[in-house]
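What follows is a single structure, written as structure tokens, with notes after it.
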Amino acid sequence: RLRDELFWAMTTLCKFEEVFRRPSSLECVRRVNAIAEENWRTYTDTQTRDMNSYLVPYPIQVQDDGSIRVRPDLKDGCFPDTKAKIL
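See the structure below:
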């Protein structure tokens, strides 16, 4: 029950999805990633809108060789709402 409540709070403030009952499943991982990406698009949009949850991906990409880079959609390497460097 606690895990259910945590997933609910992290992902969608208004509904619990059955896929969250199996957090180790690929389907659940994909759904959580999709929610995070949707929230990222809302967060970085020029139009201010309410987000459905607080889950966003950290804005980095891990390369095949293990190196870390800032997401390509962030040209200046800073968080969109500040001038704080990501790396």
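If you use the working numbering, the sequence shown corresponds to residues 3 to 89, in order. Cβ atoms here follow ideal geometry from the backbone N, Cα and C, with glycine treated the same way.
Check your understanding: So, do the segment 41-48 and the segment 17-32 have three or more beta carbon pairs nearer to each other than 8 Å?
Key -> Output reads no: the segment 17-32 does not touch the segment 41-48.
Practice item. Pull up the distance between the alpha-carbon of ASN35 and that of ALA86, whole angstroms please. Key: Each residue's Cα considered, the two are about 24 Å apart.
Exercise for review: For the alpha helix (DSSP H) holding VAL34, just list the boundary residues, first then last.
Suggested key: Its alpha helix (DSSP H) spans residues 28-46.
Check your understanding: To which residues of the same chain is VAL72 closer than 8 Å at the C-beta, ignoring the five residues directly before and after it?
Key -> Beyond the five residues adjoining it in sequence on each side, VAL72 comes within less than 8 Å, by CB distance, of PRO61, ILE62, GLN63, GLY79, ILE88, LEU89 in the same chain, given in chain order.
**Study point:** Beta-carbon spacing of ALA38, PRO59 below 7 Å
**Key:** A contact, by the Cβ cut-off of 7 Å.
Practice item. Could you please give me the residues that DSSP links to ILE62 through a beta bridge? Key: Beta-bridge pairing links ILE62 to VAL72.
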